[in-house]
Structures are given as C-alpha cells and as structure tokens.
Amino acid sequence: MNPFICPLCQTVFQQTNNTQICANNHHFDIAKEGYLNLLPVNAKNSKNPGDNKEMMQARRAFLNSDGYLPLAEKVSELVSAYLTDKEQAQILDLGCGEGYYTALLAEQLPEKFIINGLDISKVAIRYAAKRYKNINFCVASAYDVPLPDNSLDALIRIYAPSLDSELQRLIKQNGYLITVTPAPRHLFQLREKIYQQVNEHAQENSAPSGFNKIEQINLNYPLQVTEAQTVQDLINMTPFAWKFNKQTMQDLLAEKSWSIECDFNIEIYQKQKDSTDKE
Ligand SMILES: C[S@@+](CC[C@H](N)C(=O)[O-])C[C@H]1O[C@@H](n2cnc3c(N)ncnc32)[C@H](O)[C@@H]1O
Ligand SMILES: [Zn+2]
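This note's numbering puts the sequence shown at residues 2 to 280.
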C-alpha cells in the first residue's frame with residue numbers, strides 16, 4: 002500500500018483509476034512507470050531539481066558494476082537486524098536516486114515490510130520506478146516529505162540532504178535513522194590526482210536533535226576495477242567530476258587496472274522515547 006499523503010494539505014489519498022485524490026480534491030496522476038510526482042511546482046528552485054540525467058546514468062552504470070555492493074549489503078543487513086522483531090515496518094530511502102540501495106532493501110527484508118523511495122530528481126525516480134516494481138517511489142523534496150508524522154520504522158539516508166526537523170517528525174518513537182556519509186579515505190586514489198593535498202579529516206557527525214547515536218561503523222575496502230568505463234562512470238557520479246582536466250583524466254584512464262579505496266561512515270541513530278522529555 003502506498004503510504005504517501007497529499008503534499009498540499011497532508012490528507013490521505015484515495016486512488017481512482019490512475020489518479021490519487023485527497024480529501025480536498027487535489028489530484029496527482031500516477032506516472033506510467035508507477036511513481037507519484039508530489040513535488041509542488043512552486044517548491045522547485047529550478048526546472049529539474051536534483052541530479053541530472055547524465056549524473057544519474059553514470060551512477061546507474063557504476064552501481065550496476067556492483068562496486069558499492071558491500072555498502073548496499075551492509076545497510077540491508079543493519080536494517081534487517083534492527084527491525085528483526087517487527088512483523089511489519091515502513092521504511093523510507095530518502096534521496097534514493099535511481100533506487101539501487103532501495104532495491105536491495107526490498108529484496109532482503111521480509112515481504113510484509115513496505116519499502117518507499119523518495120528523490121527530488123524526476124529522472125532518477127523514473128528510472129527507479131521503471132526497474133523496481135515492488136517499491137513505492139515518489140518525486141518530492143527531502144525538506145518536505147509527503148508522509149504522516151511518526152510513520153517510519155526506519156529512514157535510510159545515503160549521501161543525501163535532509164532536515165533534522167523532518168527526520169524527527171517522520172520517524173516513530175524508538176525508530177531508526179541510518180545514514181551513510183563519505184569517510185576520510187573515500188576514493189582517495191581519485192582525489193589525489195586532482196587535489197594538491199587530500200583532506201583526510203575524520204568526520205564525526207553529531208546526532209540530529211531528538212536522536213541518540215547507537216552505532217557507528219567504518220566500512221573500508223579496496224575497489225578493484227578493470228574497465229576504464231567503470232572509472233569514468235565513478236568519476237562522473239561524484240561532485241568532483243568537473244575538477245578533472247583532459248590530461249589528468251587521460252593519464253588516469255590509460256592505466257590498465259585501478260585499486261580505489263572505498264571508505265564509508267555508517268551511523269545508526271534511534272529516536273528518543275520522547276524527544277520533548279529532557280530527562
Ligand atoms: C549523491 S546522490 C545519492 C543517491 C543514492 N542515495 C545513492 O547513493 O545512489 C544524492 C541524491 O539526493 C537527491 N537530492 C538532492 N537534493 C534533494 C532534496 N532536496 N530532496 C530529495 N532528494 C534530493 C539527488 O537528486 C540525488 O539523487
Ligand atoms: Zn490535498
């Protein structure tokens with residue numbers, strides 16, 4: 002069942018044919034790929050917010066090579082372990098991109114769990130919904146999520162933005178927030194090609210207000226790549242892609258094989274019993 006609510010008046014939807022209609026008669030068409038576009042036009046800062054088609058295609062091509070499979074498996078394993086006593090659960094992958102991690106969650110968690118993905122990029126969600134059918138996808142902003150208060154057992158946020166007040170509003174009491182951010186040596190061998198000095202400062206994220214950090218994991222492994230195209234895809238999906246000039250790129254791609262460190266910081270937070278209770 003689709004858990005999304007009307008982004009304009011926060012009431013629940015009833016489906017009529019291929020349209021979701023709320024109590025106040027706001028209409029949202031279900032796209033042919035099965036997703037809902039719940040981003041109000043006036044909430045867009047640009048015509049096509051979020052990752053563009055080129056970045057999204059590079060990410061899909063790279064992820065298809067399973068270079069980040071150890072991360073996807075670790076995240077699924079954690080969600081599964083933390084929700085082990087649940088018969089049913091609502092899960093949101095916030096800023097899910099083209100759905101790679103969301104899909105592994107859906108595959109590995111019990112069938113009764115409801116898996117949802119949200120991203121502000123329409124092209125990413127279109128790709129996600131076309132490929133993965135057993136997941137509810139919607140286009141919306143992470144800053145204004147069309148889901149009810151206290152509705153999520155777990156929220157996953159992998160390299161995506163969020164707002165503490167929204168995390169606090171959405172997650173149930175004792176529910177979990179699992180975040181993935183880059184750790185100091187992430188893609189070191191690529192970054193050292195473009196930066197004189199690679200910043201290796203350790204990153205300790207503090208708990209969003211209303212949450213306690215309950216676990217922190219450093220996932221580090223060498224990614225062995227044998228195809229130049231995979232290196233190219235990996236670079237094109239990073240924010241430093243534009244820092245490579247023609248020469249540095251040519252030199253890098255001329256190598257026959259690559260060993261690139263992946264270094265992820267995984268943090269698990271739990272929403273405090275009563276976040277208004279200061280004791
Ligand atoms: C670095 S990508 C990560 C995507 C995915 N989690 C992954 O790791 O493959 C960041 C994603 O956040 C999305 N994004 C950026 N701003 C957003 C916002 N305000 N609300 C929702 N998604 C947003 C982008 O469109 C992009 O898909
Ligand atoms: Zn409405």
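Note that the Cβ used here is the ideal one computed from N, Cα and C, for glycine as well.
Subject >> Cβ neighbour criterion (16 or more within 10 Å) applied to Q174 >> reply: Sequence index remark: in the sequence shown, residue 174 carries index 173 (1-based). Classification for Q174: exposed.
Subject >> Sequence-distant residues of its chain with Cβ nearer than 6 Å to I126 (five each side left out) >> reply: As a first step, residue 126 must be located in the sequence shown, where it is residue number 125. Leaving aside the five residues that flank I126 on each side, the residues in its chain whose CB is nearer than 6 Å to its CB run, in chain order, Y36, D120, F138, V140.
Original post:
First and last residue of the beta strand (DSSP E) that includes P209?
Top reply: Taking the first residue of the sequence shown as position 1, residue 209 is located at position 208. In the DSSP annotation of this structure, P209 is not part of any beta strand (DSSP E), being labelled neither H nor E.
**OP:** Compare the Cα-Cα distances from E160 to each of K48, I267, P50 and report the closest residue.
**Re:** What you label residue 160 is simply residue 159 of the sequence shown in a count that begins at 1. First, the residue type needs correcting, since residue 160 is Tyr and not Glu in the sequence shown. Taking only the C-alpha atoms, the option nearest Y160 is I267.
Subject >> For D30, three-class secondary structure by DSSP >> reply: Here residue 30 corresponds to residue number 29 of the sequence shown, with the count starting at 1. Strand at D30.
Original post:
Cβ of D52 versus every heavy atom of ligand 1: is any distance shorter than 7 Å?
Top reply: Counting from 1 along the sequence shown, the entry for residue 52 is found at position 51. Inclusion of D52 in the 7 Å shell around ligand 1 follows from its C-beta lying nearer than that to a non-hydrogen atom of the ligand.
**OP:** Could you tell me which residues DSSP pairs with G118 in its beta bridges?
**Re:** Sequence index remark: in the sequence shown, residue 118 carries index 117 (1-based). Secondary-structure assignment with DSSP links G118 through a beta bridge to D94, F138.
Original post:
Just how far apart, CA to CA, sit K113 and L95?
Top reply: The sequence position of residue 113 within the sequence shown is 112, counting from 1. The sequence position of residue 95 within the sequence shown is 94, counting from 1. For K113 and L95, the distance between alpha carbons rounds to 20 Å.
**OP:** Could you check how far apart the C-beta atoms of D52 and G98 are, in whole angstroms? I think they sit under 8 Å.
**Re:** The sequence position of residue 52 within the sequence shown is 51, counting from 1. The sequence position of residue 98 within the sequence shown is 97, counting from 1. Between D52 and G98 the beta-carbon gap is near 7 Å, inside 8 Å, which marks them as a contact.
**OP:** Leaving aside the five residues before and after A229 along the sequence, list all residues of the same chain whose C-beta is less than 6 Å from its C-beta, in chain order.
**Re:** Here the question's residue 229 lines up with position 228 in the sequence shown. Taken in chain order, the residues that qualify are L254.
Original post:
How should C10 be labelled, buried or exposed, when 16 other C-beta atoms within 10 angstroms of its C-beta is the threshold for buried?
Top reply: Numbered from its first residue, the sequence shown carries residue 10 at position 9. By the neighbour-count definition (other C-beta atoms within 10 Å, threshold 16), C10 is an exposed residue.
Original post:
What did DSSP end up calling S166 once you bin it into helix, strand or coil?
Top reply: In the sequence shown, the residue the question calls residue 166 occupies position 165. In this structure, S166 counts as helix in the three-state DSSP scheme.
Original post:
How many Å lie between E193 and D67 at the Cα?
Top reply: As a working note, residue 193 is residue 192 in the sequence shown. As a working note, residue 67 is residue 66 in the sequence shown. Rounded to the nearest whole angstrom, the CA to CA distance from E193 to D67 is 23 Å.
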